[in-house]
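Residue numbers (my numbering), protein chains in the order written: chain A, -7 to 472; chain B, -7 to 472; chain C, -7 to 472; chain D, -7 to 472. The C-beta atom is built at its ideal place from N, Cα and C for all residues, glycine as well.
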């Protein structure tokens, strides 16, 4: 069984998790939690509930509102439930990889879902296969399941603790047994996970925005390396990892990934983005007529930029809210069809003006190039691009979907070359100092590997790690 | 056959129309046009094409992207196509009323769709039935079809002109025969309709935003009372209505209904909304800390308000972009569930602040009340509501879905009572003067009946007119 | 609008109708009635109910069990309902032509469905279009609707009677108004229609087999030319046709079309088929080893043939009961794929034997040829084909789907040529005398035009009639 | 995790398997094979193909024709494929249990499906779980997968042979690796499996009827305890089981389960059934007027009975061919609704007659009772029931769905009591001697445990075995 064609856009999962312990209609609450976390994953959604005896599961490809019908939620009986949303840039459907996974082993049933990426999953899998394990998904999560099943621990807490030892990477995991819900965060705390309360029930969620919808009360962020075990006696806290590690929270959650109404590690996401815009204005002022955001994550920094620079903010690019998955393009080609489906440049506002265009990042540069051209065709006299992140020079191996380094515009070009490439009159990125001033916290406690190449979890060999990640997506069966 | 229960939220249609004449893959272009007009109607979508001999039709309930699959578009062969999107607040599905309608009569086939409302359709229908006509939809459009079929005119142009004479109300109609496309606007020009060109083909569209997506060139707005007849010889213009009338364009298109990147009657919609916010700031300044918009149509006036007042604009209410049709609410009720699904108030931004909240209108007041309360629960010290339209005191009978007058908050209460009712610290609406200053045109040439009660098309008897409208939605068959 | 390509397999409708008056859950009973009549039409199904005020309709392409879900039946409220199943050999879907049709006219609502074919519908339609009528289906039924709407009659009974005068052809029609159900049979009584009772409710059905399922009691066949009008006062009988005509019941209903457990015009269908087999054995005995039926309509005559001839009957051709609509054939062609999907020849039974093969008819001869070859490949020493109808030499214009005369094998060839063509060792058809002896009634009172060319309803000009029929299927819009 | 409610109707799987090795479009051929085996399982269908590198899988609940669309078959690329149909009497849907299963282990990928039942699966599973295995279906097949993965064998052949040793029960298994197809039959050969050839490709199928459809040539039945291993070198045969066992083929395949056009173990199924009818006539003659079959498996013995007794055979019970899954019954109950949906008694044929009614078996007796009553209501003077199997007194644990012994009519009552219970005038079952005379083979080589209680595979403890079987259907997760 050899490796097939590599699909670069598919080898990392971006995800959201949400769990409810000890609430009537727990699956309905998880459904709403996932709905609020929909931006973390639009490819598939799943919920597993337990009534204390049996596990009930419903998972499918699609948006939360499409995957779950009323009768599905009704069937997900029980007071404890966990759920998951997953993102993929590819249209491929593979329900086999939809989480949460549920297995049975000698100690009963267990269900699991996670946000992040276990970077040594491939080598762990090889060892497990040598010991006679069989796999039926391509997900790194399944490795953790096998480690738990083979653990000699006496209690669930001991087994999960033991099984977690060899895991490397970024993972915010939820586990559900017949009578316990567990939340586990990797030693660096790269991906977010928060604990909350809803009357006599407990909640674990990727972000706080999901708490607001159901009226739950935020308690605290689960700490890096912490395992919270929730049962009928309440919440217990453990720190199972022998390995020592520093907190390294993903700074890109603030820049792009999290929802602006979330507060993560005590930092409000909208406020952080707005502040970045302010810093950007201070660092790279320009003489211009209006500030225009590329919606949606460019909007808060654009407002900040406008407020500090004194240049008025306007909605010069209008987003179409009804963008679906696939649109039928005529054979007679339409210029910039893909970008136009999502955005329209307002000629009236832009014509004859010098524009500051604010975006969150430049990845391959293709979209930036099209938008700059669209803005010029709408009559802009000058286009000054301002980016609310440092240049993206490296791949993320911890759960954010980024292309191979070689495809990243910033990895190959100088600032001037990048500016020319995207066709702007000027281009500036936020500095690392400006970024962390805006966030208001020290750089030490964050992961900014995609900008700096400074990976908190050692990648023994870059190519090995990458192949190990890729292996799961190319080996094995395709379920269609 | 007596009248049944009246469904107030269903008796007016909001719609969008789009037509293409003489372009390969015309149905694919209409599909994209409808996609850009999706905000004008999310209930149903339909396209009819003709290859010069046969008409091909595909219509269904749902969003454009859901209704049409690639093979549907492939089957809609021919160089001429017209399409339609329709809105309804009710979840009822009735494919029988999906437009365009296609009929055959002695002179061949004809397909038709329209945006607006023919207010004397009920009495015309009664007369037609007396003369032996049979009806199979509840749409006012079918009346126009029968009048065309019974016309003695020698040419399509003559028949359509003759049939249009008795029609009263607001209507921007598209008609398609085997070799002609016709656009017809009511004598007051209440609903928009624009003419555009795409190479050797012609386009008719409700709004200009749909032109941008397919790269068509805007030519001009079809004039009030004008009929444009497009065939292989190009565009001919007629003014068929004997009845004299003044232009009375719907001002609510600027305030709420049209997309901000459209330009209608030479006025850019975003600019108009922004200007209203500026005027509102001048008219009703208040001492506050931040300006927050209720997205999306409150955003441009909020930016305007902020710029004039000097109070910073912030995204204090975050909109969830994945709102679907129906969500499953748990039996354990969640406070303000409906509003929370769409909007979340950012505690960090709002707490301890005096807020200027900008919205486009207050209808029944229920939503405003919930949002004000949500903002207060997020910690707002003061909430000052500013509305970018005058108070909505009257029903629209010309194609915008509004409840009965008795249900309108402004119809029953003074400004102070309204302010108390929605729980705000202060409340102000834009004045008529401010509104038309912002739009930059004279009030004479606009319809603002929903605010002023000044109906451009005489309603002989209010109740009669209303019943006549309602009749179509209660009499007759229900197709499920 | 010119005529397009003619689809020979689509120009006649085979249908079944079922109506219930004055029973709770009337739509549920109609649903079951249609299910029992499913053999009369598998393309589309529809039910219209009325609660005395409003009509409720549900119609779609597909089998009865697929078209109606529990909630559809629940929505079809009211004590009166009519329903329809329709057959088509083509896979084309056109929900617009699904019956029953429902219209509104000056006297209220009316719903209609029919089994048969109005042969002068095209010319009547042309006249109606000249008078300003518009059409939106391609069905001949719509012509009758317009004639009723334009009638000057004072009562429903008068209007239907007047409108029926110009109709020519075969038609068993059901009509439903808010408070009446009407059954109308053409003057020759070509298609069946029976009247039954279920406690205090009344039933009209194409066949008696549908009565058994719901436990209704058969009263009598509706007479040729009779109109039964059912309302709260019971059943009234009228004979509206001025034109005089003899009863000419379709003999092919006995041979092939009706279900064997039905009794039509006092003749049990199974018994008639069995008797034909007996007569066939007497008329064309042959020395053979076993009698094999081509299921299902060949089975009763095969049993009859076996009993008279003394040659044992065996199931040598096994029918697959899971035949769906479409099957995916590999590119590597499989011999006789289509026939093999439905039938399998049992080698064990057939090998080395002389076979009498009994079928109901030979149309184009293609299927017969394949089956004879399949039986020979299974090892048959001799194959003697016996047909339970006379040779099919002419097209049916009265509601049975038959190809054009030129395509009929019997129209072109002698008996010997036909035998050679299908590859049999001998071939015999039942004689007209034998057929009517078996049925036990006089030939005068039957239509056997497809065998004899003796059309009971004069076809002024053959080609004109045919074109008139075809017109509806080629003119006009295609709904896909 | 305790056991929940036991669903008696669900604890055995009836299945069909079909595999193709080394043919272009192998998945399309498997699709057709499954279609011909549809009678062996209507609940779910699945196909897995391999192109030598990757496995492609498509499985879902439903009939073969509904589960697979053209594009699904197109995606199932590769020259080797295996497929499976499964039966369940319950409407529960659980795609997780749809076969074939596909896993990866240290030696590559492997896919598997089977017909039958591994009776010691529960205890094997417990042992595997103790050793750290995790399970994600409730199927006994998954146990075999784990045993293969944990085998120390050097080749696929060795691993499968080793893993098969501990298995007890009835199993005809297909396995597919990247370059091999394996067929394995349990030592008693309880379930059927045949080997065939299609040009240069090889076929394994549950029954021969599936070979006829695709034109494959029957080679031989796989022997009891034989493993056939097919790769590019052709077919190799092994007998891996150390345990000695006699052939004990399931006699109920002849009576009811297999399709009449199949030949299994050199016995044609139709011929066996016909012969049983002949023996039954000899054993329990009765003075009567007509012989009527309860279709479909009662038809061949009814023809046999008629031929020997001289009493004419007639289709007195007509089967409705359009029976779907669920029908909507009105609240106003209809007598014998369930039976009437499937069968209708022909009054004309039955009235005043003495009837011999032939059926394949009596299980609970409920259906027999209803049919006898229906025949009496159609006017039968006498009803003599003749059954083409011995009385069903015991449960099957080898792959046929039978209720618990306590629910079997024959387990509780004498022949006279049974006759009274079903309301017949006389009742007779075929004797064991008559049965095996009809089949033409010795009783020693067959399993008739459901009639005799003589189980070929020892059930150490009846209740233990039953619980062990049930365990899989009650423990664990429910996927809905």
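Interface residues of chain D facing residue i [CB-CB closer than 9 angstroms]
{"i": "residue 305 of chain C", "result": "295, 298, 299, 305"}
Residue nearest to residue i in terms of C-alpha spacing, selected from the options
{"i": "residue 375 of chain C", "options": "C:19, C:346, C:401", "result": "C:346"}
{"i": "residue 73 of chain A", "options": "A:156, A:11, A:406", "result": "A:11"}
{"i": "residue 18 of chain C", "options": "D:41, D:321, D:429, D:402", "result": "D:321"}
{"i": "residue 427 of chain C", "options": "C:162, C:245, C:166, C:126", "result": "C:245"}
{"i": "residue 255 of chain A", "options": "B:138, B:277, B:340", "result": "B:340"}
{"i": "residue 352 of chain C", "options": "C:266, C:100, C:387", "result": "C:266"}
{"i": "residue 295 of chain B", "options": "B:223, B:349, B:258, B:342", "result": "B:349"}
{"i": "residue 291 of chain D", "options": "D:278, D:277, D:330, D:247", "result": "D:247"}
Contact set for residue i: own chain, Cβ-Cβ below 6 angstroms, skip 5 residues either direction
{"i": "residue 132 of chain C", "result": "110, 113"}
{"i": "residue 383 of chain D", "result": "402, 421"}
{"i": "residue 84 of chain A", "result": "Low per-residue confidence applies at residue 84 of chain A: pLDDT is 40, beneath 50, and the placement is therefore not dependable enough to give any value."}
{"i": "residue 206 of chain B", "result": "21, 24"}
{"i": "residue 9 of chain D", "result": "76, 105, 107, 166, 198"}
Neighbour list for residue i in chain C, Cβ cutoff strictly below 7 angstroms
{"i": "residue 253 of chain D", "result": "310, 336, 338"}
Interface partners of residue i on chain A, CB under 8 angstroms
{"i": "residue 327 of chain B", "result": "207"}
Cross-chain neighbours of residue i in chain B, by beta carbon under 7 angstroms
{"i": "residue 98 of chain C", "result": "121, 122"}
Interface residues of chain A facing residue i [CB-CB closer than 7 angstroms]
{"i": "residue 292 of chain B", "result": "307"}
Cβ shell of residue i (< 8 angstroms), same chain only, five flanking positions each side left out
{"i": "residue 326 of chain A", "result": "332"}
{"i": "residue 300 of chain B", "result": "269, 270, 273, 274"}
Within chain D, the residues that residue i reaches when beta carbons sit closer than 7 angstroms
{"i": "residue 313 of chain A", "result": "Correct list: empty, because the minimum Cβ distance to chain D is about 31 angstroms."}
{"i": "residue 30 of chain C", "result": "314"}
{"i": "residue 324 of chain C", "result": "16, 17"}
Chain D residues whose Cβ lies nearer than 8 angstroms to that of residue i
{"i": "residue 128 of chain A", "result": "93, 94, 95, 96, 128"}
3-residue-minimum beta strand (DSSP E) runs that sit fully inside the segment 65 to 110 of chain D, ordered along the chain: Runs of the beta strand (DSSP E) inside the segment 65 to 110 of chain D: 72 to 79, 93 to 97, 100 to 110.
Within 8 angstroms, do at least three Cβ pairs link the segment 180 to 188 of chain C to the segment 136 to 155 of chain C? Between the segment 136 to 155 of chain C and the segment 180 to 188 of chain C there are fewer than three inter-stretch CB-CB distances shorter than 8 angstroms, so the stretches are not counted as touching.
Three-pair Cβ contact test at 8 angstroms for the segment 263 to 274 of chain C versus the segment 404 to 424 of chain C: Result yes; three or more Cβ-Cβ pairs closer than 8 angstroms.
Using 8 angstroms as the threshold, is the segment 297 to 312 of chain D in touch with the segment 274 to 286 of chain D, meaning 3 or more CB pairs across them? Flag = yes, the segment 297 to 312 of chain D and the segment 274 to 286 of chain D touch.
Okay, do the segment 154 to 164 of chain C and the segment 384 to 399 of chain C touch, 3+ Cβ pairs below 8 angstroms being the bar? The segment 154 to 164 of chain C makes contact with the segment 384 to 399 of chain C, as at least three CB pairs between them are under 8 angstroms.
Where in the segment 195 to 244 of chain C do unbroken runs of the beta strand (DSSP E), each at least 3 residues long, occur, reported from the N-terminal end onward? DSSP runs (the beta strand (DSSP E)) wholly in the segment 195 to 244 of chain C: 209 to 213, 219 to 223, 226 to 230.
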